[in-house]
Amino acid sequence: MEKKTLNQEGLLSLEQPLIRVPLEQFRRAFKTSQKYIEKDLAALNTASVELANRAGMGTTLADDACKSLDAMAERLGKLKRKLEESKSEELLYTQRSKLRLDHLMELSSMTAADSEEYARWSKTRLDRILVEFMLRQGYSRTAETMAKESNIKDLVDIELFVQSRRVVEALMNKSCTECLQWCAENKSSLRKMKSTLEFNLRLQEYIELVRIRKLADAILYARKHLTPWAETHLKEIQQAMGLMAFTPDTTCENYRAMFDMDRWHQLIDQFQTDNYALNSLTSQPLLYMTLQAGMAALKNHACYQEANRNMNCPVCASDTFGVLAERLPSSHHSNSCIVCRITGNIVNEDNPPMVLPNGYVYSLKGLTELAAKNNGNIKCPRTGSTYHISQLRRAYIA
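Here the UniProt record's numbering is used: position 252 in the sequence shown is 252, and no number is missing along the way.
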């Protein structure tokens, strides 16, 4: 029996986030350590120089000098603890990267798609994909349980999604605090991405103050948090200032849209988009991407024609997979492939296509089965017309 060749390149093309996510997290942890060192050592250097100058001038008391030295020692102790925490994170991400590379390297020794080794590897991959999908949908506990039972905790990013879920839940509860904190932690990366998330969060907090008619607080908030964005968002800020002249029930379309509670959902979408980009994650779950790749290979124009739908084709299921495949391109087949509507089997030289007088084509096996049940007569499944088996004509596939 001929072995099915394994398309390793095709499989690995979807696995970039598996490696890039821990590397991105390692890079961020390392940069955080650098910031701690630069900030604290600069402060300690300044304090020690000042102390040395005062001591040289004889303007400092022994007790004051001891207090300054104690403060510097305490700061060094805090720096040490911070660096130890960062070091633990870096080791975690390094170990995670190694395990993930080992997981992908297993594929290089596999050549057959129907081998037991590949079946086990595929099971692990499927578990990863399902856990990632559940994490994106907010089912963190279920995802964590499955990851633990499947022994793949190092192959999925549970902590990352749990953290982002906290931000999403805060936004769902109409609070920007968590998301603003996230923006502060990732300020430089968001600036490089030219993200407008922080401005939109500040604008939303301003809108909420206007909504409850705390206009004096809204003015103070705008001066502090909106005016620094004037260079890039002047038009939006000017419109926001006009919002104070309106109430949430206004009929003015521009300002009614600003009061619209749907803005919170837009903030959630923007946060998730920026968070995925920041952590090298795909905008869509890997489950969708793999399903779409498979459905694109199956999809053809007949899938969306009621009379031509095949019960064994997932794309033909208009209420489930068909919806996901709607915007996908149809597959390209250089050779014709006909599936019998009666048996669901592929029509080939061993089961040739036969044409009824009304022009519909079915497999010989399917038509023979129908004729055997009806004294040699065949009732066309589509039109209901009846013909004798002797009226069949052989068709040839180009």
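Glycine included, each C-beta is placed from N, C-alpha and C at the ideal position.
Query                                                                                                                                                            : Result
Taking the alpha helix (DSSP H) that Ile-378 falls in, what are its first and last residues?                                                                     : Here Ile-378 belongs to no alpha helix (DSSP H); instead the beta strand (DSSP E) covers 377 to 379.
Quick one: what's got a C-beta closer than 6 Å to Lys-379's C-beta in the same chain, skipping five residues either side?                                        : Thr-386
In or out: Met-172 buried (at least 16 other Cβ within 10 Å) or exposed?                                                                                         : exposed
Can you have a look at His-103 and say buried or exposed, based on whether 16 or more other CB atoms are within 10 angstroms of its CB?                          : buried
Measuring alpha carbon to alpha carbon, tell me which residue in Phe-30, Asp-319, Ser-115 is nearest Thr-5.                                                      : Ser-115
Decide if Lys-299 is buried, meaning its Cβ has at least 16 other Cβ atoms within 10 Å, or exposed.                                                              : buried
Roughly how far, in whole angstroms, is the beta-carbon of Pro-285 from the beta-carbon of Arg-136, given that I think they are within contact range, below 8 Å? : 5 Å
Would the beta-carbon of Asn-275 fall within 9 Å of that of Ser-164?                                                                                             : yes
Pull the bridge partners of Ala-302 from the DSSP assignment, please.                                                                                            : Answer by DSSP bridge pairing: none, since Ala-302 is not bridged.
Under a Cβ-count criterion, where at least 16 other Cβ atoms within 10 Å of its own Cβ denotes burial, should Asn-186 be classed as buried or exposed?           : buried
Use the C-beta contact count for Tyr-396: other C-beta atoms within 10 angstroms, 16 or more gives buried, fewer gives exposed.                                  : exposed
Any idea if Pro-228 is buried or exposed, counting beta-carbon neighbours within 10 angstroms, 16 or more meaning buried?                                        : exposed
Are Leu-197 and Phe-271 closer than 9 Å when you measure CB to CB?                                                                                               : yes
Curious, which full-length beta strand (DSSP E) runs of at least 3 residues does the segment 143 to 182 contain?                                                 : none
In terms of alpha-carbon separation, which member of Gln-25, His-388, Val-315, Ser-363 lies closest to Asn-375?                                                  : His-388
Hey, which unbroken runs of the beta strand (DSSP E) at 3 residues or more fall wholly within the UniProt domain "RING-Gid-type" (313 to 383)?                   : 353 to 355, 361 to 363, 377 to 379
Less than 9 Å between the C-beta atoms of Ile-338 and Pro-357, yes or no?                                                                                        : no
From the DSSP output, in three-state form, read off Arg-81 for me.                                                                                               : helix
Three-state secondary structure (DSSP) at Thr-232?                                                                                                               : helix
Looking at C-alpha atoms only, which residue of Arg-263, Ser-195, Met-244, Asp-249 is the closest neighbour of residue 407?                                      : Nothing about residue 407 can be reported from this structure: the residues present for the chain run from 1 to 398 only.
Given this structure, state the Cα-to-Cα distance separating Thr-111 from Tyr-118, to the nearest angstrom.                                                      : 9 Å
Go ahead and pull the three-state DSSP assignment for Ala-43.                                                                                                    : helix
Taking Arg-393 as the reference, which of Lys-373, Gly-359, Ser-13, Ala-62 has the closest Cα?                                                                   : Gly-359
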